[in-house]
Amino acid sequence: MSILSVENLGKSFGGIRANHDISFDISPGEILGIIGPNGAGKSTLFDLITGYTRADTGKVIFDGNDITRMRPDRISNLGIGRTFQKLKPFADLTLLENVMIGSFARENNIKDARDKALEIIDFVDLIEKRHHFARELSTGQRKRLELARAMATEPKLLLMDEVTGGVDQKTIPGLVALIQKMKASGVTIATIEHNINIIMEVSDHILALDQGQRIAFGRPRDIQNNEKVIDAYLGTVDVA
Amino acid sequence: MSFEIIAQAIVSGLMTGLIYALIAAGLSLIFGLMNIVNFAHGEHLMVSMFASFWLWALLGLDPVFSIPITILLMALCGVLTHYFLIRFILKAKMLIQICATFGLSIFIRALAQFLWTPDFRNVDQPLLEGRIEIANVFIGQPQFFASLVCLAAFVMLYLFVTRTETGLALQATAQDREAAEILGIPSNKMFAIGWGIGLGCVGVAGGMMTNYFFIFTDVGVNFALFAFVAVALGGFGSIIGCLYAGIIIGLVESLGGLLIDPSFKLLYVFAIYLLVVIYKPQGLFGRY
Chain D
1 MSILSVENLG KSFGGIRANH DISFDISPGE ILGIIGPNGA GKSTLFDLIT GYTRADTGKV
61 IFDGNDITRM RPDRISNLGI GRTFQKLKPF ADLTLLENVM IGSFARENNI KDARDKALEI
121 IDFVDLIEKR HHFARELSTG QRKRLELARA MATEPKLLLM DEVTGGVDQK TIPGLVALIQ
181 KMKASGVTIA TIEHNINIIM EVSDHILALD QGQRIAFGRP RDIQNNEKVI DAYLGTVDVA
Chain Y
241 MSFEIIAQAI VSGLMTGLIY ALIAAGLSLI FGLMNIVNFA HGEHLMVSMF ASFWLWALLG
301 LDPVFSIPIT ILLMALCGVL THYFLIRFIL KAKMLIQICA TFGLSIFIRA LAQFLWTPDF
361 RNVDQPLLEG RIEIANVFIG QPQFFASLVC LAAFVMLYLF VTRTETGLAL QATAQDREAA
421 EILGIPSNKM FAIGWGIGLG CVGVAGGMMT NYFFIFTDVG VNFALFAFVA VALGGFGSII
481 GCLYAGIIIG LVESLGGLLI DPSFKLLYVF AIYLLVVIYK PQGLFGRY
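Chains as they are written, first to last, in the working numbering: chain D, 1 to 240; chain Y, 241 to 528.
As structure tokens, this is what we get:
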């Protein structure tokens, strides 16, 4: 039984097919890595799943519910969390307030929401920064903020868009450890990554996209040897 | 010029400034939340004054006692404005949004003239009348009460926005609507609440002003213009900015009138607007 089923999903913007006939499943508790060159349609796929963009064709089934044309806040209530590639912290609120806004999704009074937010901020190792405004945090810290905020809504499925992108090298191991810590806590994860080493390390399955289409889906080892993937993505890495 | 006269001008300026501040706070809240300027803000103020007036004229309720009703009526008016007009233009071009709320202002004013005629009205023998004298400074009782109520409303608004779940959700929606939605916050509901609170603020100010101001269909125009100046000076989207800006405007208006020439009172206020736009376009506390 999969937690998320994507069936023949498609979306065009003008004449461009951002996503075309994409299908895949995620099993509970696993990490799905999503790879593909820039413009392959990875973020569009997340937009379709989370309800920011309406699909032209296909279906998204989450935990037994058809969420294809649902509003983002409803989808969030059902248990999908998300972080953004282009970070979206609430800049003029403190880290604690940012995470509290997430925890209000499940907690109804201020004190409970606050306690839970503090617990999660501790989980992502930012406790000493809790009273800092989000705009004062570094990029790596803001990535942790987004993870904490998404975790606070107690998602069953967390979509992470390039968590390790745009941060300096020494920050990456900590973020990878955090992803694994989140998996260990029982959250199912789909993560978009450009860093092939990380994706091979953390993923149970990998979905490879190119020009809006699924070109491969399988275990990391199989993906590594898949010719289409090597052509579209890994091949360009080798050349570079 | 004696000390008493200057003290008098400062006290009057403070009292009107608090009213300007609260009207501006409603405008700023709505703008900060959804980037839509309510050009019908003055007309909403006029409606709230008429609401308070009719509650007195028809039901014999003094404006002081009808304040909760006026606030609720205006909050309802705000929610309806969102539901029947604003939600359709959220993603529209800015010019369309301007035309929509500007059109609403013309519609409301014309409707008011049609229903209630352009006559000037006032509340006879309100509960609060006359003035008190402290150290040769005269303080109008209704004005004093109005400024206290406005200050209290301001404090409550601030606590609501910064200390409650709904308040934080409003701020989240204002700062990043998409990020707020994926945390389970329905933006349309937040927008409706924002309109309700924004016009609720106007309800407080209008209800209090009914005590000592003439009530007529064009009464909101100047107040709305002052509110725009206050929002620009305080910084778009900043509620605390509105408080400071409203008080500054009140003081400039009364002191300028006293020290230079009262017939140019409006000029001083709008000069502030020009100075802000030229030298500090983000305002005193603005984010933009």
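All C-beta atoms, glycine included, are put in the ideal place defined by N, C-alpha and C.
From a predicted model like this one, the values you see are computed outputs, not experimental measurements.
- With contact defined as three or more Cβ pairs closer than 8 Å, the segment 507-524 of chain Y and the segment 287-300 of chain Y are not in contact.
- Per DSSP, the unbroken beta strand (DSSP E) holding Asp21/D starts and ends at Ile16 to Ile26.
- In this structure, Ala315/Y lies away from Gly497/Y, with their beta-carbon atoms at least 9 Å apart.
- Distance from the CA of Val124/D to the CA of Val187/D, rounded to the nearest whole angstrom, comes to 15 Å.
- When CB distances to chain D are screened at a threshold of 8 Å, the residues of the segment 412-427 of chain Y falling below it are Ala412, Gln415, Asp416, Glu418, Ala419, Ala420, Glu421, Ile422, Leu423, Gly424, Ile425, Pro426 and Ser427, in chain order.
- Around Phe385/Y, the same chain offers Val304, Leu368, Met448 and Asn451 as residues with beta carbons nearer than 8 Å, after the five sequence neighbours per side are excluded.
- None of the residues of the segment 157-174 of chain D has a beta carbon lying less than 8 Å from any beta carbon of chain Y.
- Sequence-ordered contacts of the segment 85-105 of chain D with chain Y read Lys88, Phe90, Ala91, Asp92, Leu93, Glu97, Met100, Ile101, Gly102, Phe104 and Ala105 [C-beta pairs closer than 7 Å].
- Around the Cβ of Lys111/D, a 10 Å sphere holds fewer than 16 other Cβ atoms; the residue is exposed.
- Met160/D and Phe84/D have their C-alpha atoms spaced approximately 7 Å apart.
- For Gly81/D, no alpha helix (DSSP H) segment is defined; the enclosing uninterrupted segment is the beta strand (DSSP E) at Ile80 to Arg82.
- At least 9 Å separates the CB of Leu524/Y from every CB of chain D.
- Per DSSP, Val163/D lies in no beta strand (DSSP E) and is assigned neither H nor E.
- The segment 414-426 of chain Y makes contact with the segment 86-104 of chain D: 3 or more CB pairs, one atom from each, lie closer than 8 Å.
- The contact set of Leu408/Y on chain D, defined by CB atoms closer than 8 Å, consists of Leu93, Glu97, Met100, Ile101 and Phe104 in chain order.
- Chain order gives the chain Y residues near Gly81/D as Ile422 and Leu423, where near means a beta carbon separation below 9 Å.
- For a Cβ distance threshold of 7 Å, residue set Leu423 of chain Y lies close to Arg149/D, ordered along the chain.
- Any Cβ of chain Y closer than 9 Å to the Cβ of Gly51/D would place that residue at the interface, and such an atom is present.
- Of the residues Ser27/D, Leu45/D, Gly33/D and Ser2/D, the one whose Cα lies closest to the Cα of Asp21/D is Leu45/D.
- Per DSSP, the unbroken beta strand (DSSP E) holding Thr191/D starts and ends at Thr188 to Ile192.
- Taking Arg135/D as the centre and dropping the five residues before and after it, the same chain places the C-beta of Pro89, Ala91 and Asp92 closer than 8 Å to its C-beta, in chain order.
- With contacts defined as CB atoms closer than 9 Å, Ala40/D and Leu209/D qualify as a contacting pair.
- Chain-order list of chain Y residues neighbouring Ile110/D: Glu405, by C-beta distance under 7 Å.
- For Ala216/D, the CB contacts under 8 Å within the same chain, skipping 5 residues up- and downstream, are Ile206, Leu207, Ala208, Asp222, Ile223, Asn226, Lys228 and Val229 in chain order.
- The segment 302-338 of chain Y contains, as complete alpha helix (DSSP H) runs of 4+ residues, the segments 303-324 (chain order).
- For Thr153/D, the closest Cβ of chain Y is nearer than 9 Å.
- Asp63/D does not reach chain Y, its nearest Cβ partner there being about 15 Å away, counting only Cβ pairs nearer than 9 Å.
- Inside the segment 189-230 of chain D, DSSP marks whole alpha helix (DSSP H) runs of 4 or more residues at positions 196-202 and 220-224, from first to last along the chain.
- Under the DSSP definition of a beta bridge, Ser427/Y lacks any partner.
- Glu405/Y has no beta-bridge partner at all, per DSSP.
- With a threshold of 9 Å between beta carbons, Ile75/D makes contact with chain Y.
- Contact of Arg130/D with chain Y by beta-carbon distance below 9 Å is absent, the smallest such distance being about 15 Å.
- When Arg214/D, Arg71/D, Val99/D and Asn8/D are compared, the shortest CA-CA separation from Ile120/D is found for Val99/D.
- For Gly218/D, the closest C-alpha among the options Asp47/D, Arg130/D, Ser27/D and Asp115/D is that of Ser27/D.
- The way I'd put it, the segment 327-338 of chain Y does touch the segment 266-278 of chain Y; three or more beta-carbon pairs between them come closer than 8 Å.
- Remark: C-beta atoms of Leu32/D and Ile189/D approach each other more closely than 9 Å.
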